[in-house]
Amino acid sequence: MLFITGPLYSGKRTYAQKFGGRQIYEVQTRAADAANLAVLADELAACDVVTATEVGGGVVPIDPADRAAREAAGRLACLLAARADCVVQMFCGLPTVLKGELPEC
Amino acid sequence: MLTLVIGGAASGKSAFAESLCLRAPLPRTYLATMQVWDAECAARVAKHRAMRAEKQFDTVECPLHLDRLTLPRRGTVLLEDLGNLAANELYDPDGAGENAAAAILHGIENIAQQCENLILVSNEVFSGGADYAGDTDRYLRTLAAVNNAAAARADAVVRVVCGIPVYYKGSER
Chain A
1 MLFITGPLYS
11 GKRTYAQKFG
21 GRQIYEVQTR
31 AADAANLAVL
41 ADELAACDVV
51 TATEVGGGVV
61 PIDPADRAAR
71 EAAGRLACLL
81 AARADCVVQM
91 FCGLPTVLKG
101 ELPEC
Chain B
1001 MLTLVIGGAA
1011 SGKSAFAESL
1021 CLRAPLPRTY
1031 LATMQVWDAE
1041 CAARVAKHRA
1051 MRAEKQFDTV
1061 ECPLHLDRLT
1071 LPRRGTVLLE
1081 DLGNLAANEL
1091 YDPDGAGENA
1101 AAAILHGIEN
1111 IAQQCENLIL
1121 VSNEVFSGGA
1131 DYAGDTDRYL
1141 RTLAAVNNAA
1151 AARADAVVRV
1161 VCGIPVYYKG
1171 SER
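Here it is in structure tokens:
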């Protein structure tokens, strides 16, 4: 599985689409309501490409539910990165490989 | 050796910093900075205590006045985290107030002199917007000053991204 993370609108989906296969985008939105993040990560890791937006780099939210959602999104990203064969961080449309090797396009 | 480990919320920075400590020589001291206000804080403290269980860390509570702390022994020290320290020094009535950044940097130097390996954990909170005022802006400026000075002083600077260490300075060893 190729896991692509990065800030909002950094080009994750455009980059993901170079690779084909079964893809799922913006999975950080699924973390807050997940009963078990490890189980969710296992399910998502069955896809070929998974993307998630980084949401943990801002000021700590005042709202407890927002804080919990942000924590869950971060935990999910760690779990996905651990399961991924390759992890890419996007920045301004540019990919940096943080783990493994890119699959063939 | 001074190492700065930095990352966003739930980025895996704590687990990575602990893994660095486990590779470093004993004894291990954990400098805890969180002031426990409510159940959420208590849960976070419990989670981190559990992560440290059986890892031979002695915990020393140090929410304020790092510059006055005397460590019981040398070895490896894990300080977690600079974001809490900045808030405590800025806003606690007993804290350094507007001199928070200087006090914390002084404190880091004080601890660095008393151990072989100091691992600092800090927080990436600067990517969520650029239009802050008042206390929030003061906090961001303070923490940024601490982070940047600590990074300049450090032998290694590591940003943790979804559990993966990315070295900006120095290298893994």
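So the sequences go chain by chain: A and B. If you read the first sequence in the numbering used here, its first letter stands for residue 1, the second for the next number, and so on. If you read the second sequence in the numbering used here, its first letter stands for residue 1001, the second for the next number, and so on. Yeah, the Cβ is synthetic: ideal placement off N, Cα and C, and Gly gets one too. Bear in mind the structure is a predicted one, so any value in this text is a computation, not a measurement.
Spatial neighbours of E1089(B) in its chain, beta-carbon cut-off 7 Å, leaving aside the 5 residues before and after
L1064, G1095, A1096, A1100, A1103, I1104
Would you identify the three-state DSSP class for E26(A), choosing helix, strand or coil?
coil
Measuring alpha carbon to alpha carbon, tell me which residue in R1153(B), A1043(B), F1126(B), A1130(B) is nearest I1119(B).
R1153(B)
To the nearest angstrom, how far is it from the Cα of Y1168(B) to the Cα of V1160(B)?
10 Å
Evaluate P1165(B) with the Cβ neighbour count: other Cβ atoms within 10 Å of its Cβ, from every protein chain shown; 16 or more gives buried, anything less gives exposed.
buried
Give the range of the beta strand (DSSP E) segment to which P1165(B) is assigned.
1164-1169
Is the Cβ of V27(A) closer than 8 Å to any Cβ of chain B?
no
Under a CB-based cut-off of 8 Å, is T5(A) close to chain B?
yes
Sort out for me which residues DSSP pairs D1058(B) with in a bridge.
T1029(B)
Establish whether the CB of C78(A) and some CB of chain B are separated by less than 8 Å.
Using beta-carbon distances, C78(A) counts as an interface residue toward chain B, with a partner under 8 Å.
Would V1060(B) and A1087(B) qualify as a contact pair, given that the criterion is a beta-carbon distance under 8 Å?
Cβ atoms of V1060(B) and A1087(B): not closer than 8 Å.
For V1125(B), would you say it is in contact with chain A, using Cβ-to-Cβ distances shorter than 8 Å as the test?
Yes - at least one Cβ of chain A is within 8 Å of the one on V1125(B).
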